[in-house]
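Engineer: If you're matching positions, the sequence shown starts at 5 in the numbering used here and goes up one per residue.
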Amino acid sequence: MAKKPQDKKTIGRRQFMTSLGALGAVATGSKASKASPSVNAGWANGDPAYRGQAGKRWAMLIDLRKCVGCQACTAACKIENNIPDGRFRTWVPDVELGVFPDTRRAFLPRLCNHCNRPSCIEVCPAGATWQREDGAVVIDYDVCWGCGSCVDACPYDARFINPVTQTADKCTFCAQRIDQGLLPACVETCTGGARQFGDMNDPDSPVSVALRTEPVQVLKPDTGNEPRVFYIGLTHALQNNLPGSPTLWSEGREAVGLDEDSEWRIATGEEADHV
Ligand code: SF4
Ligand code: SF4
Numbered sequence: 005m006a007k008k009p010q011d012k013k014t015i016g017r018r019q020f021m022t023s024l025g026a027l028g029a030v031a032t033g034s035k036a037s038k039a040s041p042s043v044n045a046g047w048a049n050g051d052p053a054y055r056g057q058a059g060k061r062w063a064m065l066i067d068l069r070k071c072v073g074c075q076a077c078t079a080a081c082k083i084e085n086n087i088p089d090g091r092f093r094t095w096v097p098d099v100e101l102g103v104f105p106d107t108r109r110a111f112l113p114r115l116c117n118h119c120n121r122p123s124c125i126e127v128c129p130a131g132a133t134w135q136r137e138d139g140a141v142v143i144d145y146d147v148c149w150g151c152g153s154c155v156d157a158c159p160y161d162a163r164f165i166n167p168v169t170q171t172a173d174k175c176t177f178c179a180q181r182i183d184q185g186l187l188p189a190c191v192e193t194c195t196g197g198a199r200q201f202g203d204m205n206d207p208d209s210p211v212s213v214a215l216r217t218e219p220v221q222v223l224k225p226d227t228g229n230e231p232r233v234f235y236i237g238l239t240h241a242l243q244n245n246l247p248g249s250p251t252l253w254s255e256g257r258e259a260v261g262l263d264e265d266s267e268w269r270i271a272t273g274e275e276a277d278h279v
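This is the structure we're talking about:
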């Protein structure tokens, strides 16, 4: 019989309690951010899903000149990763820039930056989140307590507590896909061709080529996290003032009186005449 999420969590906590000695090593270790998660059986066993692909350094490049704000990436991610209503691993806030009449609309696709120096890892008291050898920052949902420390420690609002699993959650670069040679779902689906994904250690990968030939920026460069999601066309106005909370068309929802938990309705019949 399939295990319920609670069963998995109970087992995860029990495994954690039997590994408190190892936890001490993680919590006090001088290199906690890149340390192997000692309470994590998958890492200890050398499971490729936990270790990642040695020799690679995955990164994403988002060309804001090409993003049309269609939210195909947002939808693809939710479906691929079974993300509950109202929560997002990637999202695309839309913002107005400038002052009337000199204004324009901009879109800023957001996700976990799979930082080179991730501030989310060393705060985890359970050793449930770590960085794979290929740079992807991932979470062991069986080990996570759902304490939320990593959610608070991420300066990019990339993490959330999943209301179904009661664990931390975020983008994994679609580890389940890239480990099979596929692109992350958001990249595969991007209608504007704005998202590219590749190995920074491969000089011919699309990300490496763009890094050599285009001016690129990262969000909040002063955090010291060294994001590995790069942007082309990121205006100064957005770089350090990340708009809105993770949601769909946040400005638009507020404008029509919908809060985060409200459902969009499709107007039909008589109602549609008034839309
Ligand atoms: Fe961690 Fe946030 Fe960086 Fe992602 S963006 S690796 S969650 S600090
Ligand atoms: Fe922008 Fe591509 Fe996402 Fe559409 S799918 S919102 S074009 S990044």
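C-beta: ideal position from N, C-alpha, C; glycine also.
Would you say A63 and V211 are within 8 Å of each other, going by their C-beta atoms?
Structural biologist: Here the question's residue 63 lines up with position 59 in the sequence shown. Here the question's residue 211 lines up with position 207 in the sequence shown. In contact: A63 and V211 (Cβ atoms closer than 8 Å).
Engineer: What is the C-beta distance between Y160 and K70, in whole angstroms, given that I count them as a contact (C-beta under 8 Å)?
Structural biologist: Walking along the sequence shown from the start, residue 160 turns up at place 156. Walking along the sequence shown from the start, residue 70 turns up at place 66. No, Y160 and K70 are not in contact; Cβ-Cβ is about 22 Å, not under 8 Å.
Engineer: When DSSP labels each residue in this structure, what does Y54 get in the three-state scheme?
Structural biologist: As a first step, residue 54 must be located in the sequence shown, where it is residue number 50. In the structure shown, Y54 sits in a helix (DSSP, three-state: H, G or I).
Engineer: Cβ-heavy atom distance between Y145 and ligand 1 below 7 Å?
Structural biologist: As a first step, residue 145 is located in the sequence shown; it is residue number 141 there, counting from the start. Because no heavy atom of ligand 1 lies under 7 Å away, the Cβ of Y145 does not count as near it: no.
Engineer: Does DSSP classify D106 as helix, strand or coil?
Structural biologist: By 1-based counting over the sequence shown, the position of residue 106 is 102. In the structure shown, D106 sits in a strand (DSSP, three-state: E or B).
Engineer: Name the one or two DSSP bridge partners that R114 has.
Structural biologist: Here residue 114 refers to the residue found at position 110 when the sequence shown is read from its first residue. Per DSSP, W95.
Engineer: I'd like the ranges of any alpha helix (DSSP H) spanning at least 4 consecutive residues and lying wholly in the stretch 140 to 212.
Structural biologist: Taking only runs of at least 4 residues, the alpha helix (DSSP H) segments lying wholly in the stretch 140 to 212 are 153 to 157, 179 to 182 and 189 to 193.
Engineer: Shortest alpha-carbon distance to N166 belongs to which of G102, E192 and K82?
Structural biologist: Position 162 of the sequence shown, counted from the first residue, corresponds to residue 166. When only C-alpha atoms are compared, the closest one is K82.
Engineer: Any chance you could list the residues with Cβ under 6 Å from a heavy atom of ligand 1, keeping chain order?
Structural biologist: The set, ordered by position in the chain, is C116, N117, H118, C119, P122, S123, C124, V141, C158, Y160, A162, R163, K174 and N229.
Engineer: Any idea if N245 is buried or exposed, counting beta-carbon neighbours within 10 angstroms, 16 or more meaning buried?
Structural biologist: Mapped onto the sequence shown, residue 245 falls at position 241. Per the 10 Å Cβ criterion, exposed.
Engineer: What are the residues that DSSP puts in a beta bridge with V233?
Structural biologist: Position 229 of the sequence shown, counted from the first residue, corresponds to residue 233. According to DSSP, V233 bridges with M64.
Engineer: Taking a contact to mean a Cβ-Cβ separation below 8 Å, would you say N117 touches N229 in this structure?
Structural biologist: Reading the sequence shown from its first residue, position 113 is the one you call residue 117. Reading the sequence shown from its first residue, position 225 is the one you call residue 229. Yes. Within cutoff.
Engineer: Could you check where the alpha helix (DSSP H) with Q135 kicks off and where it finishes?
Structural biologist: Residue mapping note: residue 135 aligns to position 131 of the sequence shown, counting from 1. Here Q135 belongs to no alpha helix (DSSP H); instead the beta strand (DSSP E) covers T133 to Q135.
Engineer: How should D144 be labelled, buried or exposed, when 16 other C-beta atoms within 10 angstroms of its C-beta is the threshold for buried?
Structural biologist: Translated into positions along the sequence shown, residue 144 becomes position 140. Answer is buried; the Cβ neighbour count reaches 16.
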